[in-house]
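Numbering (the UniProt record's numbering), first residue to last: 1 to 150.
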């Protein structure tokens, strides 16, 4: 199977997962939300909100940034995308970790490439550190910036 065919198959799988997740949780994947998600899926990496405005606007009508931010907020709350603070951008989620794991997003600071990993060991260490600090973690997500070894 060619890389292009594999990529298309992966894109379709992610789009089906988004649709299924929204149906299961009685969430509405409106046309603009779907367009934003599809653009993120097709981009294959982090994309900024204003880049999405540019990509999804037409010559006749420019989308308002608030429209894109609302769609991104919905997609983030639904667990379909992550906001990368280090890049001020958004990237698709490749699924939720099991209940005892933490999602870690490794971000290459030069290329913006991301690698998503789910780890129970890191989750346990963070829970223990939070407990010792008297802190209750509400987001099982960690972002680590660095360089991907090649």
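For every residue, glycine included, the Cβ atom is placed at its ideal position computed from N, Cα and C.
Can you tell me which of the three DSSP states residue i falls into?
i, result
"residue 72", "helix"
"residue 99", "coil"
"residue 137", "coil"
"residue 6", "In this prediction, residue 6 has a pLDDT of 49, which is less than 50 and means its spatial position is unreliable; what the coordinates show is noted afterwards. Residue 6 falls in the helix class under three-state DSSP."
"residue 1", "Residue confidence for residue 1 is low, a pLDDT of 39 falling below 50, so the modelled location carries little weight; the figure read from the coordinates is stated next. Correct three-state label for residue 1: coil."
"residue 143", "strand"
"residue 12", "helix"
"residue 116", "strand"
Flag this pair as yes or no: are the beta carbons of residue i and residue j separated by less than 8 Å?
i, j, result
"residue 109", "residue 145", "yes"
"residue 93", "residue 79", "yes"
"residue 103", "residue 113", "no"
"residue 91", "residue 99", "no"
"residue 76", "residue 70", "no"
"residue 46", "residue 96", "no"
"residue 65", "residue 50", "yes"
"residue 56", "residue 35", "yes"
"residue 52", "residue 39", "yes"
"residue 143", "residue 105", "yes"
"residue 11", "residue 42", "yes"
"residue 130", "residue 136", "yes"
With distances taken Cα to Cα, identify the nearest neighbour of residue i among the options.
i, options, result
"residue 120", "72, 101 and 112", "101"
"residue 67", "127, 33 and 123", "33"
"residue 138", "61, 150, 149 and 123", "123"
"residue 15", "111, 37, 7 and 26", "37"
"residue 44", "111, 127 and 149", "111"
Which two residues bound the contiguous alpha helix (DSSP H) that contains residue i?
i, result
"residue 32", "31-43"
"residue 53", "49-56"
Considering residue i, what are the terminal residues of the beta strand (DSSP E) in which it resides?
i, result
"residue 89", "89-92"
"residue 83", "81-84"
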